[in-house]
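Below is one structure, written out as structure tokens; the observations come after it.
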Amino acid sequence: MQEIAGFELQCSANDIRIAGVALNPDDTPKIEIHDDGCAYQGDTVNFTATFEVETTAKERHDVGIYFVTDGDPNNDGAISGLCSISTLPYTPDPPWLDLDGTDDPLPGTTTPSGIQDTCGDIDKPGHNPLYPTITLTATCIDPDNDGKLNLPYCTSWRQSGANELCVKPTDAFPGSPAKCKCDETFNIPINVPPAKLLVSKTASPTQLQEPGGNVTFTVSVTNVGVDPNNAVTLNTLTDDIYGDITQAGQNNIVSTNCSMPQNIPVDDRNPGGVDTYTCQFTAALSGNANKTETNTVTAEGVDDNNYTLTGSDSATVTIGDVLPEISVVKTAAPTEVIEPGGNVTFTVQINNISSATSDPVTITTLNDNVYGNLNNVGSCTTPQVINPGSSYSCSFTMIVNGNAGDSETDTVTANGSDDEGNAVNSSDSATVVVQNVPSAIELLKTANPILVSEPGGNVTYSYTVTNTSPVDTVTINTLTDDKLGNLNGQGNCTTPQVLAVGASYSCSVTIFVGGNGNSSVTNIATAQGIDDDGEPLTVMNDATVNISNVPPAASLTKTVTQAVATYQVTVTNSSDAEVLSVTSLMDDQFGDITKVQGKVKTTTCTVPQQLQPVTSPGDSYTCTFDALVESTPHTNTVTATVADDDGSAPATPTGSATVTWQ
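Take the sequence shown: its letter number 78 is residue 78 in UniProt numbering, and every next letter is one higher.
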């Protein structure tokens, strides 16, 4: 305004002022904002408002209204700097007033110009107050921090007699240095956010998997001050969760490159460039699934005018759900039992191996495919809460039965959920093998009697097979004798025979056993079978029958028929035990009667001779010899040597004959 007036202004009068913004019938201000309003101090706003202009004087001419548009950096209203200039309308009347008509002279003259003066006037009380509507663009400032737009202004006027022609706003300058009024504190109801620093905070990543991890936060602080020459000294950066973000090693801050203080000059007051300070800090964030952490960083500084400025921004990080994971280990002790079975202790260990170290797992059921629900079986109980990295163990003892070679594999399954309700399960198996117990059988063979006299006699052989196995049933398939062959069907023996543990089978066979005296007959019996595991079994036993010797017996008869007597010699086997052999025939008078010699003239006798047992054909031997008998009565004796085949002392039967002739 001073520049337009062309002289130095004092603006000491109070004749015309702007009382405020006019109201609608509903008491709302007559303001229409044409853009997004004031986003921050230093922003601009374009609006149209109806103002209430009032006067304290009787009348004033060529009213000028000067609104600051540059934020009033010189704090003098509109005396200097940039401004918008408006005048009051002059017509129609009412509501407007024209006191000048065409009488105002041109500048520098004193005669009427004959030109219509278009700058409106005001008088009291007829045209007071007046309500001009003005559209302008202003810089958003709020130095009194009341949240409303400060719109510094100046009004100007002229008095009658000191009036010049006014046909445009720039003609409405003060009539003298004092004919103006300025108000640097004038407010209108347009919201202006508090003066602050523009803070931006971002997080990377914005989502973690439970139980959390490191997040890097980037913080940018922009000087959006009103005065382009007003730098800001940033003194603190404080996070509502992590505290002073310039200090690592505290409040879970892992690292930081943020430091204070920082000088932030004004550039274009947009993020980036020299008017922005950017730094990063990394913090450890932990929590359970679905936790959302929103943390706010607040920047505080002081501008060159010593005003405190603040600004805040938030970043949100979400912790995502991680599915639970468990492992089950099942063991058996022992892993082998001897048939038919035995006690086995099964141990179950459930491990919480979830990567989410914040998630306990609750085991709700523990089931075995063989033994069913294990709750309250042995030391096992459910439910069980297992913290991350921990485990739960229990055991139970059961009898595992089976035949040799059988095995039992049973599987335990643990079911549960984590603290978010996610289901989890795992299984493991353990195998127990039933091992074979070797089977055994015994065979007892006896003979009755165990002694017979030669040449033999009937003997009863008895056989007893016993299953001495601790476990298995045994089937005896064959019972044989090396002398008698297969005993099935002989005597009362039959096969096969099934023997339970500890059971026996007995049978007998009676048969003639013969042989020479002093000999023996040994029979070996063999029992063969199979147990219920398919394992073959064989056992042998023998019995011996001894044959006793029967001594030999014989007799001899001699008959004389003539002087050259013909003698008949008969040797008889008197024993029924065995065959005897005549090895010599000797006469006490004539010598060897098997030879023609001496007084033996002829002979039919020869040795050796076989004598069959008594009563058998061939049980005697008869021969004759002629010998010269020289006396009468003449008695001579023949002696036979008779031997058996087993080395017994030979028998020597004798026979005599007397020849008497007359």
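Backbone N, C-alpha and C define an ideal beta-carbon position, used for all residues, glycine too.
Assigned exposure category for residue i - 16 Cβ within 10 Å defines buried
i	result
residue 125	exposed
residue 58	exposed
residue 442	exposed
residue 525	buried
residue 157	buried
residue 451	exposed
residue 398	buried
residue 152	buried
residue 589	buried
residue 295	buried
residue 315	buried
residue 751	This structure leaves residue 751 out entirely; the chain is present only between 1 and 662.
residue 393	exposed
residue 354	buried
Nearest-angstrom Cα separation, counted from residue j out to residue i
i	j	result
residue 45	residue 211	48 Å
residue 272	residue 264	11 Å
residue 323	residue 214	20 Å
residue 522	residue 487	16 Å
residue 18	residue 92	21 Å
residue 645	residue 547	14 Å
residue 668	residue 533	Outside the shown range of the chain (1 to 662) lies residue 668, about which nothing can therefore be said.
residue 154	residue 277	39 Å
residue 335	residue 542	43 Å
residue 535	residue 498	14 Å
residue 420	residue 321	8 Å
residue 202	residue 136	37 Å
residue 275	residue 293	29 Å
residue 76	residue 13	15 Å
residue 563	residue 601	12 Å
residue 615	residue 655	20 Å
residue 471	residue 462	27 Å
residue 371	residue 437	26 Å
residue 83	residue 208	54 Å
residue 568	residue 494	60 Å
residue 117	residue 94	17 Å
residue 352	residue 283	27 Å
residue 598	residue 511	55 Å
Paired residues, beta bridge with residue i - DSSP
i	result
residue 337	434
residue 313	297
residue 352	326
residue 623	569
residue 41	Beta-bridge pairing links residue 41 to no other residue.
residue 127	123
residue 239	243, 297
residue 201	219
residue 116	In the DSSP output, where bridge partners are listed per residue, residue 116 has none listed.
residue 587	591, 638
Beta-carbon proximity list for residue i, same chain, < 8 Å, skipping 5 on both sides
i	result
residue 280	216, 217, 218, 219, 256, 257, 258
residue 173	1, 4, 5, 6, 64, 156
residue 642	552, 554, 571, 573, 580, 581, 582, 583, 611, 650, 651, 652, 653
residue 23	29, 30
Spatial neighbours of residue i in its chain, beta-carbon cut-off 7 Å, leaving aside the 5 residues before and after
i	result
residue 466	441, 442, 504
residue 594	585, 603, 605, 606, 607
residue 260	234, 235, 236, 237, 246
residue 596	602, 603
residue 551	648
residue 659	560, 565, 629, 632, 633, 634
residue 613	573, 575, 576, 577, 578, 579, 619
residue 424	324, 325, 326, 361, 416, 417, 418
Terminal residues of the alpha helix (DSSP H) in which residue i lies
i	result
residue 3	2-5
Limits of the beta strand (DSSP E) - the one that residue i falls within
i	result
residue 536	536-548
residue 277	276-286
residue 148	148-150
residue 262	262-264
residue 72	Element bounds for residue 72: n/a, residue is neither H nor E.
residue 361	361-368
residue 634	634-643
residue 578	From DSSP, residue 578 is part of no beta strand (DSSP E); its letter is neither H nor E.
residue 153	153-158
residue 442	441-448
residue 454	Here residue 454 belongs to no beta strand (DSSP E), and DSSP marks it neither H nor E.
residue 384	384-386
residue 378	Residue 378 -> no beta strand (DSSP E), and no H or E assigned at all.
Residues near residue i in its chain [Cβ-Cβ closer than 6 Å; skip 5 each side]
i	result
residue 519	547
Residue i CB to nearest heavy atom of the ligand ADP below 6 Å
i	result
residue 355	This structure does not include the ligand ADP; it has no bound ligands of any sort.
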